[in-house]
Amino acid sequence: MTAAPTDALSQPGSAAAVTRTSEKGTDEPDTGPHLAHIPLKPLMRGWLHAGMFPAVLTAGTFLTALADSSRGRLACAVYTLTACLLFGTSALYHRGNWGDRANAVLRRLDHANIFLIIAGTYTPLTILLLEDGRQDVLLWGIWTAAVLGIAFRVFWVGAPRWLYTPCYLAMGWAAVFFLPDFLRAGGVAVLVLVVVGGLLYSAGGIVYGIKRPNPSPRWFGFHEVFHTLTLAAFVVHYVGISLVAYQHG
Numbered sequence: 003m004t005a006a007p008t009d010a011l012s013q014p015g016s017a018a019a020v021t022r023t024s025e026k027g028t029d030e031p032d033t034g035p036h037l038a039h040i041p042l043k044p045l046m047r048g049w050l051h052a053g054m055f056p057a058v059l060t061a062g063t064f065l066t067a068l069a070d071s072s073r074g075r076l077a078c079a080v081y082t083l084t085a086c087l088l089f090g091t092s093a094l095y096h097r098g099n100w101g102d103r104a105n106a107v108l109r110r111l112d113h114a115n116i117f118l119i120i121a122g123t124y125t126p127l128t129i130l131l132l133e134d135g136r137q138d139v140l141l142w143g144i145w146t147a148a149v150l151g152i153a154f155r156v157f158w159v160g161a162p163r164w165l166y167t168p169c170y171l172a173m174g175w176a177a178v179f180f181l182p183d184f185l186r187a188g189g190v191a192v193l194v195l196v197v198v199g200g201l202l203y204s205a206g207g208i209v210y211g212i213k214r215p216n217p218s219p220r221w222f223g224f225h226e227v228f229h230t231l232t233l234a235a236f237v238v239h240y241v242g243i244s245l246v247a248y249q250h251g
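When you line the sequence shown up against the working numbering, it's residues 3 to 251, in that order.
Here it is in structure tokens:
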């Protein structure tokens, strides 16, 4: 759950680069000529994820090296790759001044990466904590859901928020059926970190869905609140996965 499309994509202070929110209430770019009524995106838009990308790359490389087994390193590498795709693509999408074609491509990738980070986060937890039968159920199930979710968002990028946001939340909470396994194999600390991270991601998803709170539309809007919560969730999950990699990797 983490980087989703924004509502007004532009470089701050550049009237020529501004686009506006669709009159239909979706995230579709509006090509109407009424520039005087076009809201500028907040000045902080995209900077949080831009700053997070090198930190995630460094931390993920360390995490992968921390695992002792080949399967542990592979699982942590998948997690790192999906996280780098999430934050890197989001930073490019939100900070760049793109043409219509490039913007459409980045927007689809931005949507798809949310499903990837969910599946990527589950991968080390599943491979390192679950027994074979349960492992297969969750791993195949979560990656199948990710592929279907990616197809949904790529081919229907203009879907309303009320439809696709619950899909992210439902996929993210698939872990609820495996929490006893996480507790038994990982301990209380890992379980708490998994749940707290999930709650933070969910809070971010709700903020994104209802566009509230929106503290400063010019500087730090609802989308920045959403990004902040997803950053916090990622850090919490990273700590939990690091414990798992150290203990079981």
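Idealized CB from N, CA, C, for every residue including glycine.
- In the three-state reduction of the DSSP assignment, Ser-218 falls in the strand class.
- For the set Leu-45, Val-196 and Ala-247, the Cα lying nearest the Cα of Trp-175 is the one of Val-196.
- Within the same chain, no residue comes within 7 Å of Pro-182 by CB-CB distance, once the 5 residues on both sides are set aside.
- Rounded to the nearest whole angstrom, the C-alpha separation of Pro-215 and Ala-172 is 22 Å.
- With fewer than 16 other CB atoms across the displayed protein chains lying within 10 angstroms of its CB, Thr-146 is exposed.
- The straight-line gap separating the alpha-carbon atoms of Leu-42 and Arg-220 is approximately 7 Å.
- The three-state reading of DSSP puts Asn-105 in helix, counting H, G and I together.
- Here the alpha carbon of Arg-163 sits roughly 33 Å from the alpha carbon of Leu-132.
- Spanning the alpha carbons of Ile-212 and Gly-135 requires a straight line of approximately 39 Å.
- For Pro-56, the enclosing alpha helix (DSSP H) stretches over residues 49-68.
- DSSP places Phe-89 inside the alpha helix (DSSP H), whose first and last residues are 72-97.
- Excluding residues up to 5 positions away in sequence, Val-209, Lys-213, Arg-214, Pro-215 and Asn-216 lie with their Cβ nearer than 7 Å to the Cβ of Phe-224 in the same chain.
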